[in-house]
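First comes the structure, then the notes that go with it.
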Amino acid sequence: MAWLLVAAAAVIWGTMGIWVRGLREYGLTTMDIVALRSIGNTVVMGIGLFVCDRSQLKLHRKDVWCFLGTGIASILFFNACYFKSIEILDLSTAAVLLYTSPIFVALISAVCFRERLTWQKCAAVAAAVVGCGLVSGLGTETGHLNVTGLLIGLGAGLGYALYSIFSRFALRRGYGTLTITFYTFLVAGVCMIPQCFLGGMTLQSFASPTFWFLSAGMILLVTTLAYVLYTAGLSRMDNTKAAVIATVEPVTASLIGVFLYQETMGAAEIAGVMIVLLSGWLVGRV
Numbered sequence: 005m006a007w008l009l010v011a012a013a014a015v016i017w018g019t020m021g022i023w024v025r026g027l028r029e030y031g032l033t034t035m036d037i038v039a040l041r042s043i044g045n046t047v048v049m050g051i052g053l054f055v056c057d058r059s060q061l062k063l064h065r066k067d068v069w070c071f072l073g074t075g076i077a078s079i080l081f082f083n084a085c086y087f088k089s090i091e092i093l094d095l096s097t098a099a100v101l102l103y104t105s106p107i108f109v110a111l112i113s114a115v116c117f118r119e120r121l122t123w124q125k126c127a128a129v130a131a132a133v134v135g136c137g138l139v140s141g142l143g144t145e146t147g148h149l150n151v152t153g154l155l156i157g158l159g160a161g162l163g164y165a166l167y168s169i170f171s172r173f174a175l176r177r178g179y180g181t182l183t184i185t186f187y188t189f190l191v192a193g194v195c196m197i198p199q200c201f202l203g204g205m206t207l208q209s210f211a212s213p214t215f216w217f218l219s220a221g222m223i224l225l226v227t228t229l230a231y232v233l234y235t236a237g238l239s240r241m242d243n244t245k246a247a248v249i250a251t252v253e254p255v256t257a258s259l260i261g262v263f264l265y266q267e268t269m270g271a272a273e274i275a276g277v278m279i280v281l282l283s284g285w286l287v288g289r290v
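Under the working numbering, the first residue of the sequence shown is numbered 5, with each subsequent residue one higher.
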């Protein structure tokens, strides 16, 4: 069932645009939303674990670096690079560079964890990247690719990949799914506090039930549940498989755009969806 856990997490991440669009209407910037999900997840999980299972909060000082990796090297670095790449590049190019992450996962895992790079895995990774490129509509928007934008976009892909890498180190040290998720966002949340200004917020925002509903969805669904599911699936399969299956996320986002926002999908985007699904099937047979 591991692949179902990872796929479910990816589908949930694919709904992020719904929650982000709603929260932006209340004056939150993109980085405010990152801070909201990090701090909110820390509070929710911290209270839940303290009440229900305090053993999940145990942490050895010698293992702190694992969570500095998931929280800073992954969550913060990936978000900073991705949002900066959006400013420099067109949206489709930034999205494709983000989804080079399976390549980084495969290469790093081969070195750090001795994961075998079989031809099926390589084919699945290549198909996933190509499929994400087509789904994102690469080349259909105006914009240009420059060296700075390319490096920052690849940095986003690397940061996205590092969650799987550092989580694997934590899993091998005996930490559970809930512990990894909690300390990842504790680290990220603490680091995000100075960046969280909420400058566009008003008192009316806090009085709105819709605002609290959107905040709860971003925290409980897109952050807590999705990362717990992904980490649980990751604990039962190798990193490369999980990274490839997670590319279902942009497919979900595209389908939501079609059904909720009346966006259109051309032949290339439809082909991309099929290729991403093919890559998941390929990696599932390894």
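For every residue, glycine included, the Cβ atom is placed at its ideal position computed from N, Cα and C. Values in this document were obtained by computation on a predicted structure and should not be read as measured data.
Coarse secondary structure for residue i, derived from DSSP in three states
i    : result
Q266 : coil
R172 : helix
T251 : coil
D242 : coil
G28  : For the record, residue 28 in the displayed sequence is Arg; it is not Gly. Helix, per DSSP.
N45  : helix
T33  : coil
S78  : helix
D57  : coil
E273 : helix
T104 : coil
F117 : coil
K62  : coil
Y179 : coil
L229 : helix
T146 : Any answer about T146 is weak, because its pLDDT of 45 lies below 50 and its placement is not dependable; what the coordinates show is given next. Three-state result, T146: coil.
Residue i, buried or exposed, once every other Cβ within 10 Å from all chains shown has been counted against 16
i    : result
S59  : exposed
E29  : exposed
M20  : buried
L121 : exposed
A14  : buried
W17  : buried
M5   : exposed
A271 : exposed
N150 : exposed
G73  : buried
E91  : exposed
A211 : exposed
R172 : buried
R41  : buried
T146 : Low confidence applies here, because T146 scores a pLDDT of 45, under 50, leaving its location unreliable; read the following figure in that light. Exposed, since its Cβ has fewer than 16 Cβ neighbours within 10 Å.
T268 : exposed
C56  : exposed
P106 : buried
L8   : exposed
I274 : exposed
G75  : buried
G178 : exposed
I197 : exposed
First through last residue of the alpha helix (DSSP H) which encompasses residue i
i    : result
A128 : W123 to V139
K293 : Residue coverage of the chain in this structure runs from 5 to 290, which leaves residue 293 outside it and unanswerable.
L9   : A6 to G18
A211 : From DSSP, A211 is part of no alpha helix (DSSP H); its letter is neither H nor E.
L72  : V68 to L72
Whole-Å CB distance - residue i paired with residue j, under 8 Å assumed
i    : j    : result
Q124 : L286 : 6 Å
G284 : V252 : 7 Å
S78  : Y167 : 4 Å
T235 : T185 : 6 Å
I169 : C116 : 7 Å
L158 : L101 : 6 Å
V24  : A250 : In fact, because the Cβ distance is near 18 Å, the residues do not count as touching under 8 Å.
S219 : G44  : 7 Å
T244 : E119 : 6 Å
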